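Some notes on the structure that comes next.
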Amino acid sequence: MNKILSKNEFWLFCILLILSCIVGGINDAFWSGTNLFSLFKSSVVMGIFALGVLIVILSGGIDISFPAFAVFSFYITVKYLLYIKFTGSILIPFAMAMAIGVALGLMNAFIISTFKLNPLIVTLGTGSAVTGFLRAFVGTGTLSNLPQPLIDFSRWNIYTETLADGSVIGFSGSFLILAALIVIMALILRNTTMGRGVYALGCDSVAAMRAGFPVRGIYYFIYGLVGALAGIAGIVHCSLIRLANPRDLEGTELEVIAAVVLGGASLTGGRGTVLGTVLGVFLIVLIKGSLILVGIPSDWQKVAIGLVLISATSITAYRAMRAGM
Amino acid sequence: MKGGLGKLVRSENNLFQLTIITVCTFALMCWLLPGTFLTVRNFRSMSFQFPELGILSIAMMLAMLTGGIDLSLVGIANLASILVALSFVKLMPPGSSSGVVIAFMAGAVLLAILAGSLCGLLNGFLISKFNVPPILATLGSMQLYTGIAIVITKGAAVIGFPPQYSVIGNGSVGIFSIPLIIFISLLAVFAVLLRKTNYGINLYLIGANMKAAIFAGIKTDKALMISYMVGGCLAGLAGLVMSSRTNGAKADYGTSYILQSILVSVLGGVKPSGGSGNVAGILIAVLALQFLSSGFSMLRFSNFAKEFVWGCFLLAIMIINYFTSERNKT
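If you're matching them up, the sequences are chains A and B in order. My numbering numbers the first residue of the first sequence as 1 and each following residue consecutively. My numbering numbers the first residue of the second sequence as 326 and each following residue consecutively.
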């Protein structure tokens with residue numbers, strides 16, 4: 001019992017429950033299927049991003065280029081598919097976007113590991129270079145007539161319900177992708193040498209190297225994986241909103257990093273879990289989605305996210321400092 | 326003694342290398358744009374544009390000297406300029422005499438400095454007292470400051486400055502623009518502060534080796550707090566210049582300045598891991614960037630193409646620095 005009480009995840013879960021009850025108490029609409037389904041739907045893209053950020057943060061690094069990579073991969077994929085009038089399997093766009101994302105991620109890994117540079121500044125540089133390249137040389141227009149397979153994907157529901165007024169609401173199938181990725185990521189981190197290597201690298205990179213971990217290989221694995229996840233998240237994002245807009249997702253990196261840190265990952269590396277990250281994502285999505293329900297104008301969204309990020313990081317850092325003494 | 330001398334030569338070497346890059350950029354632009362780049366008009370307009378980035382870069386350098394980073398600077402600048410704009414719009418009676426306007430302008434300068442310092446103080450507090458990593462603390466506070474700015478303006482631009490106010494951003498004394506004069510005087514102040522005072526030397530020591538600094542008896546908490554507070558104060562001043570030059574204040578103005586101020590600092594020889602860098606580097610680096618930026622605008626590069634170039638430039642400079650430091654090691 002004591003073991004459960006000392007877990008970060010347990011407390012996060014409690015906060016999540018209490019917050020839901022408060023919001024639901026103020027406004028009944030919170031418990032409606034429409035709202036709950038839409039909360040799950042909006043956690044998909046952020047959740048996929050967060051899994052990538054978790055693995056970078058575990059290794060002691062940071063990545064702020066992934067929204068740019070996501071936009072780059074979905075925009076080019078959609079533009080190309082429209083050009084060839086694509087009608088085949090949904091797997092093709094996902095594979096294409098993932099391949100583009102992996103290539104970009106490997107570029108990050110190459111620069112960071114070869115020249116031993118600060119990952120924050122490197123990803124700031126690659127992120128703005130990729131965004132600038134996309135908008136200057138590929139296009140700035142919004143593509144609103146997505147290929148049919150992507151539209152079909154956005155209509156895919158695993159459960160539908162007809163409301164009293166005749167409208168139909170559904171639980172988006174895209175959530176299954178997030179669920180699958182969560183399981184895969186947990187297995188990688190827990191059961192593979194690569195996953196243990198990520199933790200080892202985050203705790204002490206010199207020790208990891210002496211212990212025989214292929215440190216450079218782990219860097220390529222980590223940033224390549226972040227790129228792949230960014231590609232998947234990009235396709236899911238543009239399919240769900242049925243638009244490919246090259247100006248989307250800007251600034252999402254803050255919310256995603258906030259979610260991962262809230263989930264208990266330590267920015268100095270080596271500590272953090274998949275479960276904590278998922279709970280952190282739900283918490284951020286809940287806060288963002290519920291401000292309007294409890295009557296707070298949407299202008300306050302940034303303030304709320306900022307306050308959550310500041311207090312979560314302060315509490316985590318303060319506890320780590322006390323524990324270190 | 327020998328190590329100290331070697332370090333001096335190396336740092337001058339870096340400055341020398343940077344000067345060559347800047348002169349080459351300048352020559353390239355003169356060659357690509359004959360008759361338009363090398364004109365008095367272009368130089369006048371450049372002297373109004375780069376000081377705001379320069380001031381933000383000094384603030385970024387202060388954070389990076391201690392091994393940190395400040396991502397909230399543009400957020401602070403916008404919040405300060407919005408507060409100043411609102412104080413003019415809401416408090417100053419219309420048709421005030423010029424005496425009242427000048428009093429309000431003095432108040433505006435104080436307000437910008439005060440607001441900036443308070444924002445910076447919060448950053449410093451989180452970083453030094455709670456041990457929050459600077460990236461996270463300033464990432465969060467950037468959201469907070471931008472968020473507050475959005476809440477008080479509802480996201481719209483605030484306009485309605487008195488004409489006298491635009492002198493700060495658009496006036497000039499002789500051939501020197503007022504923003505340039507502000508920037509140069511700040512450079513001078515920080516050159517003295519960093520080189521000649523105990524406080525400045527302590528900052529370098531903290532960045533070079535935090536543990537050693539603590540054991541040397543430096544009050545690291547206080548020094549960090551002050552450095553982020555001074556950074557915030559500089560950001561407030563940059564906000565003043567920005568709002569006066571553009572005659573308006575907006576919550577999301579100049580977001581690309583964050584990347585650019587980091588670029589200027591890194592280009593100017595400030596190490597992201599802390600402990601080295603000086604204001605001379607900042608001055609030359611900001612000039613190099615302005616030459617490039619003006620040249621690109623004249624060559625009709627879009628802003629997106631510029632963003633692409635800045636990103637590549639930042640990566641290239643860091644990689645070049647890696648090779649020069651490797652060569653110095655052997």
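Just so it is clear, CB atoms sit at the ideal spot from N, CA and C, and this is done for glycine as well. If you're wondering where the values come from, they're calculated on a predicted model, not measured in any experiment.
**Item:** Within chain B, partners of residue 25/A - CB distance below 7 Å
**Value:** Along the first sequence, read from residue 1 onward, the residue named residue 25/A stands at position 25. Ordered by position in chain B, no residue passes the 7 Å Cβ test against residue 25/A, which lies about 25 Å from the chain.
**Request:** Assuming residue 448/B and residue 553/B form a contact by the criterion Cβ under 8 Å, report the distance between their Cβ atoms to the nearest whole angstrom.
**Result:** Mapped onto the second sequence, residue 448/B falls at position 123. Mapped onto the second sequence, residue 553/B falls at position 228. Taking the Cβ atoms as the reference, residue 448/B lies roughly 4 Å from residue 553/B, within the contact range of under 8 Å.
**Message:** With a threshold of 8 Å between beta carbons, is residue 375/B in contact with chain A?
**Reply:** Translated into the one-based positions of the second sequence, residue 375/B becomes position 50. No, because no Cβ of chain A sits closer than 8 Å to the Cβ of residue 375/B.
**Request:** With distances taken Cα to Cα, identify the nearest neighbour of residue 252/A among 68/A, 321/A and 111/A.
**Result:** Within the first sequence, numbered from 1, the residue matching residue 252/A stands at position 252. Minimum Cα distance to residue 252/A is reached at 68/A.
**Burial state of residue 399/B (16 or more Cβ within 10 Å)** = Here residue 399/B refers to the residue found at position 74 of the second sequence. Its Cβ being crowded by 16 or more others within 10 Å, residue 399/B is buried.
**Rounded Cβ spacing between residue 315/B and residue 557/B (contact assumed at less than 8 Å)** = Residue coverage of chain B in this structure runs from 326 to 655, which leaves residue 315/B outside it and unanswerable.
**Prompt:** How many angstroms separate the CA atom of residue 295/A from the CA atom of residue 369/B?
**Reply:** Counted from its first residue, the first sequence places residue 295/A at position 295. Counted from its first residue, the second sequence places residue 369/B at position 44. Going from the Cα of residue 295/A to the Cα of residue 369/B covers about 51 Å.
**Item:** Cα-Cα separation between residue 453/B and residue 529/B, rounded to whole angstroms
**Value:** The residue you call residue 453/B lines up with position 128 of the second sequence. The residue you call residue 529/B lines up with position 204 of the second sequence. Computed Cα separation, rounded: 16 Å.
**Message:** Rounded to the nearest angstrom, what separates residue 322/A and residue 315/A at their Cα positions?
**Reply:** Walking along the first sequence from the start, residue 322/A turns up at place 322. Walking along the first sequence from the start, residue 315/A turns up at place 315. The straight-line gap from Cα to Cα measures roughly 10 Å.
**Message:** Are the CB atoms of residue 607/B and residue 634/B within a distance shorter than 8 Å?
**Reply:** For the purposes of this step, residue 634/B is identified with residue 309 of the second sequence, where counting begins at 1. For the purposes of this step, residue 607/B is identified with residue 282 of the second sequence, where counting begins at 1. Not in contact: residue 634/B and residue 607/B (Cβ atoms no closer than 8 Å).
**Below-8 Å beta-carbon distance, residue 466/B vs any chain A residue** = Here residue 466/B corresponds to residue number 141 of the second sequence, with the count starting at 1. Yes, residue 466/B lies at the interface with chain A (some Cβ there is under 8 Å from its Cβ).
**Message:** Quick check on residue 123/A - is its C-beta less than 8 Å from some C-beta in chain B?
**Reply:** Locating residue 123/A in the first sequence gives position 123, where the first residue counts as 1. Answer no: the Cβ-Cβ gap between residue 123/A and chain B never drops below 8 Å.
**Request:** Note down, in chain order, every chain B residue with its Cβ under 7 Å from the Cβ of residue 156/A.
**Result:** Within the first sequence, residue 156/A is the residue found at index 156, counting from 1. The CB of residue 156/A never comes closer than 7 Å to any CB in chain B; the least such distance is about 34 Å.
**Prompt:** So, is residue 492/B buried or exposed, given that buried needs 16 or more other C-beta atoms within 10 angstroms?
**Reply:** Translated into the one-based positions of the second sequence, residue 492/B becomes position 167. With fewer than 16 Cβ atoms within 10 Å of its Cβ, residue 492/B is classed as exposed.
**Request:** Show which residues of chain A have a CB atom less than 9 Å away from the CB atom of residue 472/B.
**Result:** Taking the first residue of the second sequence as position 1, residue 472/B is located at position 147. What residue 472/B touches in chain A: 299, 300, 301, 302, 303, 304, 305, 306 and 307.
**Asked** Exposed or buried, residue 598/B, counting other C-beta atoms within 10 Å across all chains shown (16 or more means buried)?
**Response** Here residue 598/B is taken as the residue at index 273 of the second sequence, counted from 1. So residue 598/B ends up on the exposed side.
**Prompt:** Given that residue 356/B touches chain A, what residues does it touch there, using C-beta distances under 9 Å?
**Reply:** Position 31 of the second sequence holds residue 356/B. Within 9 Å Cβ-Cβ: nothing; residue 356/B doesn't reach chain A, min ~23 Å.
**Asked** Would you say residue 456/B reaches chain A, if we count a Cβ-Cβ gap shorter than 8 Å as a contact?
**Response** Here residue 456/B refers to the residue found at position 131 of the second sequence. Taking Cβ atoms only, chain A reaches closer than 8 Å to residue 456/B, which makes this a yes.
**Item:** chain B contacts from the segment 117-144 of chain A (Cβ-Cβ distance under 9 Å)
**Value:** When C-beta distances to chain B are compared with 9 Å, the residues of the segment 117-144 of chain A below that value are 117, 118, 120, 121, 122, 124, 125, 126, 127, 128, 129, 130, 131, 132, 133, 134, 135, 136, 137 and 140, in chain order.
**Run of the beta strand (DSSP E) containing residue 159/A, from where it starts to where it stops** = In the first sequence, counting from the first residue as 1, residue 159/A sits at position 159. Segment 157-162, the beta strand (DSSP E) holding residue 159/A.
**Message:** Using a Cβ distance threshold of 8 Å, determine whether the segment 59-79 of chain A contacts the segment 258-265 of chain A, with at least three qualifying pairs required.
**Reply:** no
**Message:** Determine, for residue 318/A, whether the minimum Cβ-Cβ distance to residues of chain B falls below 8 Å.
**Reply:** Along the first sequence, read from residue 1 onward, the residue named residue 318/A stands at position 318. Yes - at least one Cβ of chain B is within 8 Å of the one on residue 318/A.
**Request:** Assuming residue 471/B contacts residue 576/B (C-beta within less than 8 Å), just tell me the rounded distance between them.
**Result:** In the second sequence, counting from the first residue as 1, residue 471/B sits at position 146. In the second sequence, counting from the first residue as 1, residue 576/B sits at position 251. Residue 576/B and residue 471/B do touch by the CB rule: their CB atoms are close to 6 Å apart, below 8 Å.
**Asked** Do you know whose CA, among 143/A, 15/A, 93/A and 125/A, lies nearest residue 228/A's CA?
**Response** Position 228 of the first sequence, counted from the first residue, corresponds to residue 228/A. Answer by Cα proximity: 93/A.
**Message:** Let me check understanding here. Comparing Cα to Cα, which of 313/A, 292/A and 309/A lies closest to residue 27/A?
**Reply:** Counting from one through the first sequence, the residue named residue 27/A turns up at place 27. Taking only the C-alpha atoms, the option nearest residue 27/A is 292/A.
**Asked** Is there at least one Cβ from chain B nearer than 8 Å to residue 314/A's Cβ?
**Response** Numbered from 1 along the first sequence, position 314 holds the residue referred to as residue 314/A. Closer than 8 Å to some Cβ of chain B, the Cβ of residue 314/A qualifies, so yes.
**Message:** Suppose you measure from the CA of residue 118/A to the CA of residue 231/A; what does that come to, to the nearest Å?
**Reply:** Here the question's residue 118/A lines up with position 118 in the first sequence. Here the question's residue 231/A lines up with position 231 in the first sequence. Each residue's Cα considered, the two are about 24 Å apart.
**Prompt:** Contact check, residue 402/B vs residue 560/B under 8 Å by CB: the rounded distance?
**Reply:** Translated into positions along the second sequence, residue 402/B becomes position 77. Translated into positions along the second sequence, residue 560/B becomes position 235. Contact between residue 402/B and residue 560/B holds: CB atoms are separated by about 5 Å, below the 8 Å threshold.
**Request:** Could you pull out every residue in the same chain whose Cβ sits closer than 8 Å to the Cβ of residue 417/B, ignoring the five residues on either side in sequence?
**Result:** Here the question's residue 417/B lines up with position 92 in the second sequence. Excluding positions up to five away in sequence, the list reads 425, 426, 429 and 487.
**Asked** For the alpha helix (DSSP H) that contains residue 285/A, what are its first and last residues?
**Response** Along the first sequence, read from residue 1 onward, the residue named residue 285/A stands at position 285. Segment 274-290, the alpha helix (DSSP H) holding residue 285/A.
**Prompt:** In this structure, does DSSP put residue 362/B in helix, strand or coil?
**Reply:** Residue 362/B sits at position 37 when you count from the first residue of the second sequence. In the structure shown, residue 362/B sits in coil (DSSP, three-state: anything other than H, G, I, E or B).
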